[in-house]
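**Q**
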Amino acid sequence: MDFKASGIMTLTSDFGLADPFVGTMKGVMLRINPALRFVDISHQIPPQDILEGSFCLQSAYAYFPSGTVHLAVVDPGVGSLRRPLIAVTRDYLFVGPDNGLFSFVFSDPTFQGAYGLTAEKYFLRPAGATFHGRDVFAPAAAWLSAGTPIEEMGQRIHDPMTLKFPEPRVVGTSEVQGEIIHVDRFGNLISNISQELYERLRSGWGNRPIRISILAQGIGRIVRYYGEGSEEEPFALFNSSGLVEIFWKGSNAAQKLGVKRGEKVHLYVV
Amino acid sequence: MDFKASGIMTLTSDFGLADPFVGTMKGVMLRINPALRFVDISHQIPPQDILEGSFCLQSAYAYFPSGTVHLAVVDPGVGSLRRPLIAVTRDYLFVGPDNGLFSFVFSDPTFQGAYGLTAEKYFLRPAGATFHGRDVFAPAAAWLSAGTPIEEMGQRIHDPMTLKFPEPRVVGTSEVQGEIIHVDRFGNLISNISQELYERLRSGWGNRPIRISILAQGIGRIVRYYGEGSEEEPFALFNSSGLVEIFWKGSNAAQKLGVKRGEKVHLYVV
Amino acid sequence: MDFKASGIMTLTSDFGLADPFVGTMKGVMLRINPALRFVDISHQIPPQDILEGSFCLQSAYAYFPSGTVHLAVVDPGVGSLRRPLIAVTRDYLFVGPDNGLFSFVFSDPTFQGAYGLTAEKYFLRPAGATFHGRDVFAPAAAWLSAGTPIEEMGQRIHDPMTLKFPEPRVVGTSEVQGEIIHVDRFGNLISNISQELYERLRSGWGNRPIRISILAQGIGRIVRYYGEGSEEEPFALFNSSGLVEIFWKGSNAAQKLGVKRGEKVHLYVV
Numbered sequence: 009m010d011f012k013a014s015g016i017m018t019l020t021s022d023f024g025l026a027d028p029f030v031g032t033m034k035g036v037m038l039r040i041n042p043a044l045r046f047v048d049i050s051h052q053i054p055p056q057d058i059l060e061g062s063f064c065l066q067s068a069y070a071y072f073p074s075g076t077v078h079l080a081v082v083d084p085g086v087g088s089l090r091r092p093l094i095a096v097t098r099d100y101l102f103v104g105p106d107n108g109l110f111s112f113v114f115s116d117p118t119f120q121g122a123y124g125l126t127a128e129k130y131f132l133r134p135a136g137a138t139f140h141g142r143d144v145f146a147p148a149a150a151w152l153s154a155g156t157p158i159e160e161m162g163q164r165i166h167d168p169m170t171l172k173f174p175e176p177r178v179v180g181t182s183e184v185q186g187e188i189i190h191v192d193r194f195g196n197l198i199s200n201i202s203q204e205l206y207e208r209l210r211s212g213w214g215n216r217p218i219r220i221s222i223l224a225q226g227i228g229r230i231v232r233y234y235g236e237g238s239e240e241e242p243f244a245l246f247n248s249s250g251l252v253e254i255f256w257k258g259s260n261a262a263q264k265l266g267v268k269r270g271e272k273v274h275l276y277v278v
Numbered sequence: 009m010d011f012k013a014s015g016i017m018t019l020t021s022d023f024g025l026a027d028p029f030v031g032t033m034k035g036v037m038l039r040i041n042p043a044l045r046f047v048d049i050s051h052q053i054p055p056q057d058i059l060e061g062s063f064c065l066q067s068a069y070a071y072f073p074s075g076t077v078h079l080a081v082v083d084p085g086v087g088s089l090r091r092p093l094i095a096v097t098r099d100y101l102f103v104g105p106d107n108g109l110f111s112f113v114f115s116d117p118t119f120q121g122a123y124g125l126t127a128e129k130y131f132l133r134p135a136g137a138t139f140h141g142r143d144v145f146a147p148a149a150a151w152l153s154a155g156t157p158i159e160e161m162g163q164r165i166h167d168p169m170t171l172k173f174p175e176p177r178v179v180g181t182s183e184v185q186g187e188i189i190h191v192d193r194f195g196n197l198i199s200n201i202s203q204e205l206y207e208r209l210r211s212g213w214g215n216r217p218i219r220i221s222i223l224a225q226g227i228g229r230i231v232r233y234y235g236e237g238s239e240e241e242p243f244a245l246f247n248s249s250g251l252v253e254i255f256w257k258g259s260n261a262a263q264k265l266g267v268k269r270g271e272k273v274h275l276y277v278v
Numbered sequence: 009m010d011f012k013a014s015g016i017m018t019l020t021s022d023f024g025l026a027d028p029f030v031g032t033m034k035g036v037m038l039r040i041n042p043a044l045r046f047v048d049i050s051h052q053i054p055p056q057d058i059l060e061g062s063f064c065l066q067s068a069y070a071y072f073p074s075g076t077v078h079l080a081v082v083d084p085g086v087g088s089l090r091r092p093l094i095a096v097t098r099d100y101l102f103v104g105p106d107n108g109l110f111s112f113v114f115s116d117p118t119f120q121g122a123y124g125l126t127a128e129k130y131f132l133r134p135a136g137a138t139f140h141g142r143d144v145f146a147p148a149a150a151w152l153s154a155g156t157p158i159e160e161m162g163q164r165i166h167d168p169m170t171l172k173f174p175e176p177r178v179v180g181t182s183e184v185q186g187e188i189i190h191v192d193r194f195g196n197l198i199s200n201i202s203q204e205l206y207e208r209l210r211s212g213w214g215n216r217p218i219r220i221s222i223l224a225q226g227i228g229r230i231v232r233y234y235g236e237g238s239e240e241e242p243f244a245l246f247n248s249s250g251l252v253e254i255f256w257k258g259s260n261a262a263q264k265l266g267v268k269r270g271e272k273v274h275l276y277v278v
């Protein structure tokens, strides 16, 4: 594996910003690689919510410079037998627990392989059993960012854990059922229906107008940007990740509709 | 325009810290200018609250080194015809939507001009219509921080949008009515009455003692620091931005008084 | 005093992240030392809660590189006669109010001395009476990080303020009463009972099994990591700071047990 570290490290976790967990990890890393520069992606992942952590990192990672190390810790199994993992793509390294958090990496077309992180000499000593973010993942990520070869940190593995993300489901010949996979700060409802799927459905359904509903509430047509919606009813658009997103102009759609993550979204023709 | 970039970029937005929006913008910028260093001013601006965003950046911007680029995104009109803007003062560049967020810049005594940001070759391609923070403002700010001349990014404009901030209002001959324009984390109530106005009133009113009230609650006199207040009633002081601020020693004044932003403050003599 | 600054500055405060206080302090510091790099430890210390601020910084500071300046501001007495302080250990400088926030520093085995920070020429001018974070502590910390000798900033003092932290209390011959001193984001309850004390008790009590209870709820035995607990009842472990911590696998122990900071924890043998 050939990886040219850029000196940039992103962090994603469920540690929050009130406790000193994140600052402590950064301190540990700066002792190993004083030149490191950090970018926080999010530390507000709901506690132990691996799917949300995965979704969050997935939508951000490819915007970073080649050579970035992405450290992510959402780790309900800390201390147990779940493996610490390094995953490698053409441009990035990923370091964190092998619990599905990096599922999207394994389907990246430039994915090059995964390693179990076993070389304890790169861990903080003595490494405890309750805060591997500090004792295992942070030091390993810092050593990797400083140029330590991946092969020195562990062995190649071929069975990294993959989580099943909710997939849209075809219902009969004229409906597809998707799901809200994220609610953002503005209350916008992000579904797992991609623009590509939407357009395939549209042509498959003879270019008839596709209707969208959630909790029996009809959604106005697909518009291009938020300002094109209405304050009277929710609309949809293809968002900045290419997903169908339901919003309510000037309001919080999640609150107004009473919708949470996991709610079903219906696309159909009549 | 002559601007010597310091390599420092501040960020102000209503994106929050739970979603990956802010991290994504930083990734985009580091790809363009890997040496950039970021300082977050706030990402907790209430959603789409341009006035709060403006107030927040206004109280912080002048403390940064000359050559700082201030990127700010509170952008309910994203995707519509509102222009992307660059504003220039002697020491700083400001990049964000032309929706009044930078009103205070245009009255900075060192203001040098505003530019519409139109050179699409500096945008992320393809630029979407829903996240100009990532696709338009971040890349433009990063190119500017890397030395791209402002003139290459767009054309001079002479009508940037200005928001009317609430102004104190004279009521008869013995009263001025101000307004709470911000409530801080401690529950302190920041008004739009400046120390300068207060002192002009005082001499105009013959140096009689000025009384202050809010929601019919009388406020103790003006003291110098929080510890000089009392735990029995609210007091006021001139805060670190030179504004009259109402506080309650050891408590959260906003909660105790039931006051929100927008509440009127009365200064009067009897 | 001999201090080789690393160019790394940590920040701990009760300023929150919504207001521009923290960004403003960083701007002030970058004007003095443009090469500074910041690591936020926490800005979510509950308003004016010196004990929590102290606990937070105490658990993180030693993980940073030698030469780090730790700036901490939880400062209910701002503007009053409480002194601004510099504290020195072999590896670190601490800058902030002399109100007990740095109590743990004075018992660090490498503690070298404390200084009153009095040289006003290093303050922001004019320094106000309400935001010493910006006007006094940030500039002083930045000058120190840039190599200004401590002796130039103030005079040696021998009576820095120390706060009494809650200590475990022996009750009769078979019980020790501790206290919850922190509740983390996951709802884990961190007590002031160290692993060392626990093991001393255990041998003092003839290696009989130690029982733990809180609010009359018995706690399962001490396990090694969270996954070894049960979803049926709370368990305990020695956490990453070496303290007895009560958790509830897959849940928020604080919520499930109705426990807040300050609650008593009982260790006893029968």
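Protein chains in written order, with this note's numbering: chain C, 9 to 278; chain G, 9 to 278; chain B, 9 to 278. Beta carbons: idealized from backbone N, C-alpha and C, even for Gly. Predicted model only: the values in this text are computed from it and were never measured.
#1: Does the segment 173–183 of chain B touch the segment 133–140 of chain B, meaning 3 or more C-beta pairs lie closer than 8 Å?
#2: Chain B beta carbons: is any one of them nearer than 7 Å to that of N247/G?
#3: Per DSSP, L79/C is paired with what?
#4: Expressed to the nearest angstrom, what Euclidean distance is found between the alpha-carbon atoms of C64/G and G75/G?
#5: Go through its chain and collect everything with a Cβ distance to Y276/G's Cβ below 6 Å, but skip five positions before and after it.
#6: In angstroms, rounded to a whole number, what distance separates the CA positions of E236/C and I254/C?
#7: Go to A262/B, then tell me how far its beta strand (DSSP E) extends in each direction, as first and last residue.
#8: Near N247/C, which residues of its chain fall below 7 Å by C-beta distance, leaving aside the five closest residues on each side in sequence?
#9: Would the beta-carbon of M17/B fall within 7 Å of that of L79/B?
#10: Residues of chain G with CB closer than 7 Å to the CB of I189/C, please, in chain order.
#11: Assign H140/B to one of three DSSP states: helix, strand, or coil.
#12: Can you list the alpha helix (DSSP H) stretches of 4 or more residues lying completely in the segment 25–58 of chain C, in chain order?
#13: Confirm, please, whether the CB-CB distance from W256/C to K264/C is below 7 Å.
#14: Determine the DSSP secondary structure at K272/C, reduced to helix, strand or coil.
#15: Is the beta carbon of Q52/G less than 7 Å from the beta carbon of L25/B?
#16: With a threshold of 7 Å between beta-carbons, can I220/C be considered close to chain G, or not?
#17: Do you know whose CA, among V113/G, F29/G, L152/G, G15/G, lies nearest A70/C's CA?
#18: Do the CB positions of V47/C and K34/G come within less than 7 Å of each other?
#19: List the DSSP bridge partners of F255/B.
#20: List, from N- to C-terminal side, the beta strand (DSSP E) runs of 3 residues or more that fit wholly inside the segment 146–179 of chain C.
#21: What residues in its chain sit with their C-beta under 6 Å from that of S50/B, if we drop five residues either side in the sequence?
#22: Give the DSSP bridge partners of A95/B, in chain order.
#23: Interface residues of chain B around P28/C at Cβ under 7 Å?
#24: For the segment 13–46 of chain G, which residues have a beta carbon sitting closer than 7 Å to at least one beta carbon of chain C?
#25: Is the separation between the beta-carbon of P168/G and that of A122/G shorter than 7 Å?
#26: Is there at least one Cβ from chain C nearer than 7 Å to D99/B's Cβ?
#27: State whether the segment 223–242 of chain C contacts the segment 82–101 of chain G, with contact taken as three or more CB pairs (one from each stretch) at a distance under 8 Å.
#28: Rounding to the nearest angstrom, what Cα-Cα distance links I158/B and L44/B in this structure?
#29: With G226/C as the anchor, note down where its beta strand (DSSP E) starts and where it stops.
#30: Which residues in the same chain have their Cβ closer than 7 Å to the Cβ of F145/C, if we skip the five residues on either side of it in sequence?
#31: For G186/C, which three-state DSSP category applies?
#32: List the residues of chain G whose Cβ lies closer than 8 Å to the Cβ of V103/B, in chain order.
#33: Hey, is G85/G's beta-carbon within less than 7 Å of any beta-carbon in chain C?
#34: Pick out whichever of S211/G, G15/G, D143/G has its Cα sitting closest to the Cα of R133/G.
#35: Taking 7 Å as the threshold (beta carbon to beta carbon), is G235/C in contact with chain G?
#36: If we ignore side chains and look at the alpha-carbon of each, how far apart do N107/G and I58/G end up?
**A** Concretely, from the data shown:
#1: no
#2: Residue 247/G sits at position 239 when you count from the first residue of the second sequence. True, the Cβ-Cβ gap to chain B drops below 7 Å.
#3: Here residue 79/C is taken as the residue at index 71 of the first sequence, counted from 1. According to DSSP, which records beta bridges pairwise, L79/C is partnered with L19/C, V103/C.
#4: Taking the first residue of the second sequence as position 1, residue 64/G is located at position 56. Taking the first residue of the second sequence as position 1, residue 75/G is located at position 67. C64/G and G75/G: Cα-Cα distance of roughly 20 Å.
#5: Counting from 1 along the second sequence, the entry for residue 276/G is found at position 268. Hits under 6 Å: S182, E183, R219.
#6: Here residue 236/C corresponds to residue number 228 of the first sequence, with the count starting at 1. Here residue 254/C corresponds to residue number 246 of the first sequence, with the count starting at 1. Cα to Cα, the separation comes out at about 13 Å.
#7: One-based indexing of the third sequence puts residue 262/B at position 254. Going by DSSP, A262/B is part of no beta strand (DSSP E) but of the alpha helix (DSSP H) stretching over 261–265.
#8: In the first sequence, the residue the question calls residue 247/C occupies position 239. Closer than 7 Å at the Cβ level, and outside the excluded window around N247/C, lie I198, E253.
#9: As a first step, residue 17/B is located in the third sequence; it is residue number 9 there, counting from the start. As a first step, residue 79/B is located in the third sequence; it is residue number 71 there, counting from the start. Yes. Within cutoff.
#10: The count along the first sequence starts at 1 and reaches residue 189/C at position 181. Near I189/C there are no residues of chain G at all, since even the closest Cβ is about 13 Å away, more than 7 Å.
#11: Translated into positions along the third sequence, residue 140/B becomes position 132. Note: H140/B maps to helix in three-state DSSP.
#12: Counting whole runs of 4 or more residues, the segment 25–58 of chain C contains the alpha helix (DSSP H) stretches 29–40.
#13: By 1-based counting over the first sequence, the position of residue 264/C is 256. By 1-based counting over the first sequence, the position of residue 256/C is 248. Yes, Cβ-Cβ distance for K264/C and W256/C is below 7 Å.
#14: In the first sequence, counting from the first residue as 1, residue 272/C sits at position 264. If DSSP states are grouped into helix, strand and coil, K272/C belongs with the strands.
#15: Position 44 of the second sequence, counting from 1, holds the residue named residue 52/G. Position 17 of the third sequence, counting from 1, holds the residue named residue 25/B. Yes, Cβ-Cβ distance for Q52/G and L25/B is below 7 Å.
#16: Position 212 of the first sequence, counted from the start, is the residue given in the question as residue 220/C. Cβ-Cβ to chain G under 7 Å: no for I220/C.
#17: As a working mapping, residue 70/C is identified with position 62 in the first sequence. The candidate whose alpha carbon is nearest that of A70/C is F29/G.
#18: Within the first sequence, residue 47/C is the residue found at index 39, counting from 1. Within the second sequence, residue 34/G is the residue found at index 26, counting from 1. Contact: yes.
#19: If you number the third sequence from 1, residue 255/B lands on position 247. According to DSSP, which records beta bridges pairwise, F255/B is partnered with F243/B.
#20: 162–165, 177–179
#21: Looking up residue 50/B in the third sequence gives position 42. The answer, listed in chain order, is T20, C64.
#22: The sequence position of residue 95/B within the third sequence is 87, counting from 1. A95/B pairs with F102/B, A122/B.
#23: Taking the first residue of the first sequence as position 1, residue 28/C is located at position 20. Under the 7 Å cutoff, chain B gives I49, S50, C64, S67, A68.
#24: Against chain C - using a Cβ distance shorter than 7 Å - the residues of the segment 13–46 of chain G are F23, G24, L25, A26, D27, P28, G31, T32, K34, G35, V36, L38, R39, P42.
#25: For the purposes of this step, residue 168/G is taken as the residue at position 160 of the second sequence. For the purposes of this step, residue 122/G is taken as the residue at position 114 of the second sequence. The answer is yes: Cβ separation under 7 Å.
#26: Your numbering for residue 99/B matches position 91 in the third sequence. Not closer than 7 Å to any Cβ of chain C, the Cβ of D99/B fails to qualify, so no.
#27: yes
#28: Mapped onto the third sequence, residue 158/B falls at position 150. Mapped onto the third sequence, residue 44/B falls at position 36. C-alpha separation (whole angstroms): 18 Å.
#29: By one-based count along the first sequence, residue 226/C stands at place 218. Unbroken beta strand (DSSP E) run through G226/C: 225–227.
#30: As a working mapping, residue 145/C is identified with position 137 in the first sequence. Answer for F145/C: L79, V81, P92, V103, G104, listed in chain order.
#31: Residue mapping note: residue 186/C aligns to position 178 of the first sequence, counting from 1. Strand, per DSSP.
#32: In the third sequence, counting from the first residue as 1, residue 103/B sits at position 95. Within chain G, no residue comes near V103/B; the closest Cβ sits about 18 Å away, beyond 8 Å.
#33: Residue mapping note: residue 85/G aligns to position 77 of the second sequence, counting from 1. It does: the Cβ of G85/G has a partner Cβ on chain C nearer than 7 Å.
#34: Reading the second sequence from its first residue, position 125 is the one you call residue 133/G. For the residues S211/G, G15/G, D143/G, the minimum Cα distance to R133/G belongs to D143/G.
#35: Locating residue 235/C in the first sequence gives position 227, where the first residue counts as 1. Yes, contact with chain G.
#36: The sequence position of residue 107/G within the second sequence is 99, counting from 1. The sequence position of residue 58/G within the second sequence is 50, counting from 1. Answer to the nearest angstrom: the Cα atoms are 8 Å apart.
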